[in-house]
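Report on one structure; see the data block that follows.
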Amino acid sequence: MAFWSAENATKAYLTTLKTDQRTKEPNVAEFISAIAAGNNARKIAVACAGAANAEILVALIAAANQTRGQVLCVLRGIEELIISKKMLEPSEIHHIQFVVGECNDDTLINDHFGEADFVLVDCNLENHQDIVRKIVNHHEENARTGGMAAVVGYNAFSRGSWRFSDGRKTQFLPIGEGLLVTRVNDNGCYSKKTMNKKTDHHHHHDHVRKSHWVVKVDKCTGEEHVFRVRSPRGEAIIGA
Numbered sequence: 085m086a087f088w089s090a091e092n093a094t095k096a097y098l099t100t101l102k103t104d105q106r107t108k109e110p111n112v113a114e115f116i117s118a119i120a121a122g123n124n125a126r127k128i129a130v131a132c133a134g135a136a137n138a139e140i141l142v143a144l145i146a147a148a149n150q151t152r153g154q155v156l157c158v159l160r161g162i163e164e165l166i167i168s169k170k171m172l173e174p175s176e177i178h179h180i181q182f183v184v185g186e187c188n189d190d191t192l193i194n195d196h197f198g199e200a201d202f203v204l205v206d207c208n209l210e211n212h213q214d215i216v217r218k219i220v221n222h223h224e225e226n227a228r229t230g231g232m233a234a235v236v237g238y239n240a241f242s243r244g245s246w247r248f249s250d251g252r253k254t255q256f257l258p259i260g261e262g263l264l265v266t267r268v269n270d271n272g273c274y275s276k277k278t279m280n281k282k283t284d285h286h287h288h289h290d291h292v293r294k295s296h297w298v299v300k301v302d303k304c305t306g307e308e309h310v311f312r313v314r315s316p317r318g319e320a321i322i323g324a
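Numbering-wise, the sequence shown is residues 85 to 324 according to our numbering.
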């Protein structure tokens, strides 16, 4: 996970939207897929409180296909594994590696979550805060040069808005049941320095180009359209 790819994020989002027919409108799964693919995650892992969420697994598969990565799903028991597989198509199961165990187990942290550059943690897990801290600490203690890791908590509203008390900044996104995104540099420190560098870079180029996203809903069909509005040198350009 070296840089943000808007192209990967967009393709994963649209692929998830088209592939998952379980819902008729966008939900948090599409955004999770976009975050994982946009960050070029090659090793994607998800820690589940119960049976896996089929929509989210499909979203992670879409992200992994976009980045040529792999998906790991950690479940607490055999019963959760059986239920999870029943909710998926055979072709979807083929793209996922299932592991049964306690998510806060040090072996799982070291061998699986710690090796992933994108980790999704269900906030319904009793000890989800400890799990996230262990994963983040593992990345910091076993730093690799030139990369980043993202740890995302989902279903955040179910437990209330929780934040780390150790000084790391976690971004809260009020999408779906709530997402909490923590980024860690693989050089052993939180991505604040990286964000500062990006900010300085953008300030340097502000006079050349600015952009933002606009969402429009067709009142007749109910379809949602997303446009990127770019303004190079003061001129507005709108592209789908």
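For every residue, glycine included, the Cβ atom is placed at its ideal position computed from N, Cα and C.
Note that the coordinates shown come from a computational prediction; the quantities given were computed from them, not determined experimentally.
- Proximity to Glu-224 across Ile-162, Ile-140, Asp-201 and Leu-165 peaks at Asp-201, based on C-alpha coordinates.
- Boundaries around Phe-182 are those of the beta strand (DSSP E), 180-184, since no alpha helix (DSSP H) includes it.
- Val-158 places its beta carbon less than 8 Å from that of His-196.
- The count of Cβ pairs closer than 8 Å, one atom from the stretch 162-172 and one from the stretch 128-142, reaches three, so the stretches are in contact.
- Spatial neighbours of Gln-181 in its own chain (CB-CB distance under 6 Å, excluding positions within 5 residues in sequence) are listed in chain order as Leu-156.
- Annotation for Leu-144: the continuous alpha helix (DSSP H) segment containing it runs 138-151.
- Beta-bridge analysis with DSSP links Thr-266 to Val-235.
- Per DSSP, reduced to three states, the secondary structure at Ile-119 is helical.
- Lys-127 is positioned such that its CB atom lies no closer than 8 Å to that of Gln-150.
- Going by DSSP, Asp-206 is part of no alpha helix (DSSP H) but of the beta strand (DSSP E) stretching over 202-206.
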